[in-house]
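Have a look at the structure below before the remarks.
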Amino acid sequence: MKLHLRLGLMMIGMVVVFVGCGGDDDSSPSTTQSVDAVTLLTQASDSLAATNTLRFNLEIEGDTWVDDAGTIRLLAARGDLARPDRVDVEFQVELLGAQNVSIRMITIDEEAWTTNLLSGAWEPSPEEFGYNPTVLFDDQDGLGPVAGRLENPDLLDVETIGGRETWPVQGTVDNDTISSLTSGTVDGDIITVTLWIDQDTSNVLQLQVAEPEDNEKENPATWTMRLTGHNQDVTIERPDLAD
Numbered sequence: 079m080k081l082h083l084r085l086g087l088m089m090i091g092m093v094v095v096f097v098g099c100g101g102d103d104d105s106s107p108s109t110t111q112s113v114d115a116v117t118l119l120t121q122a123s124d125s126l127a128a129t130n131t132l133r134f135n136l137e138i139e140g141d142t143w144v145d146d147a148g149t150i151r152l153l154a155a156r157g158d159l160a161r162p163d164r165v166d167v168e169f170q171v172e173l174l175g176a177q178n179v180s181i182r183m184i185t186i187d188e189e190a191w192t193t194n195l196l197s198g199a200w201e202p203s204p205e206e207f208g209y210n211p212t213v214l215f216d217d218q219d220g221l222g223p224v225a226g227r228l229e230n231p232d233l234l235d236v237e238t239i240g241g242r243e244t245w246p247v248q249g250t251v252d253n254d255t256i257s258s259l260t261s262g263t264v265d266g267d268i269i270t271v272t273l274w275i276d277q278d279t280s281n282v283l284q285l286q287v288a289e290p291e292d293n294e295k296e297n298p299a300t301w302t303m304r305l306t307g308h309n310q311d312v313t314i315e316r317p318d319l320a321d
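Heads up: the sequence shown is residues 79 to 321, going by this note's numbering.
Here you go:
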């Protein structure tokens, strides 16, 4: 069950570190080319602070191991997030370099459930799960401020994401800044982070986290997460448990 905890912390953290950003609501997206990276990050933070629901889809290139033995590799994940305390996520993992399986997790307030790795049946998460996602939304002590710690943010060339024109902003963070969010599954001292920000709405439509190529890892990982359905209806309910 330690695996479920690690996956849950990792995924919710990766979503909310950029989605839980705080800020004032009176900033508006820029409509000119004379924008800068810091301004775009501020506008994205304000927009995301007003986002109550979204859907995410994560794809991973390279190796991300979610167990200490290096036998369970995270391949992908998708799910829904609803403020203040609801998360529904499904992980795709590879076991022992062969079999691919799905693991699903739901958290509501202080309750959490996961699917059994073998049977797939829903069951309460163990007591040691001990994770309350609401703390991630705290504007003072939560994870939102991490987004403001991007070092040397740089505005890249315009890209189209999901049919929308975006401003890509790229910067770096040290591993200590995000290690608690990824449960230590991202390697390297300096991690490159890129956010694609909608030119019209300032919504973050995609984010990418890349391990450095010059570390000792044989196959460095790049996480690419697409964010959609901002403020659309999301239903996350308590699952039916096995008898």
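Think of the CB as a built atom: it goes at the ideal place given N, C-alpha and C, for glycine as much as any other residue. Since we're looking at a predicted model, the values are computed, not measured.
DSSP places Q310 outside both helix and strand once states are collapsed to three, so it counts as coil. Considered as a whole, the segment 135-208 harbours no complete run of any alpha helix (DSSP H) with no fewer than 4 residues.
Looking at the DSSP output, T300 bridges to E139 and A288.
One thing to note: T131 has its Cβ within 9 Å of the Cβ of H308. The segment 162-170 and the segment 183-193 touch, with no fewer than 3 CB-CB distances between them shorter than 8 Å. Put simply, the backbone Cα of Q277 is about 43 Å away from that of L174. If the five residues before and after Q284 are omitted, its C-beta is found closer than 6 Å to the C-beta atoms of I239, W274 and R304, all from its own chain and listed in chain order. For the pair Q177 and T117, the Cα-to-Cα distance works out to about 45 Å.
Taking one beta carbon from each stretch, the segment 129-148 and the segment 242-251 have fewer than 3 pairs nearer than 8 Å; the two do not touch. Per DSSP, the continuous alpha helix (DSSP H) segment holding L119 begins and ends at A115 to A127. Between the alpha carbons of A154 and D141 lies a gap of roughly 11 Å. D232: member of the beta strand (DSSP E) spanning E229 to L233, first to last residue. Secondary structure note for L273: its beta strand (DSSP E) is the uninterrupted segment I268 to D276. In the DSSP assignment, T238 falls within the unbroken beta strand (DSSP E) covering E237 to I239. Collapsing the DSSP output to three states places T250 in a strand.
In the three-state scheme derived from DSSP, where H, G and I count as helix and E and B as strand, T279 is classed as coil. With contacts defined as CB atoms closer than 9 Å, T250 and N230 qualify as a contacting pair. V171 and I150 do touch by the CB rule: their CB atoms are close to 5 Å apart, below 8 Å. In the DSSP secondary-structure assignment, R242 is bridged to I239. Taking the C-beta atoms as reference points, L319 is found no nearer than 9 Å to W143. Within its own chain, the residues whose Cβ lies closer than 7 Å to the Cβ of E291, once the five positions on either side in sequence are excluded, are P298, listed in chain order.
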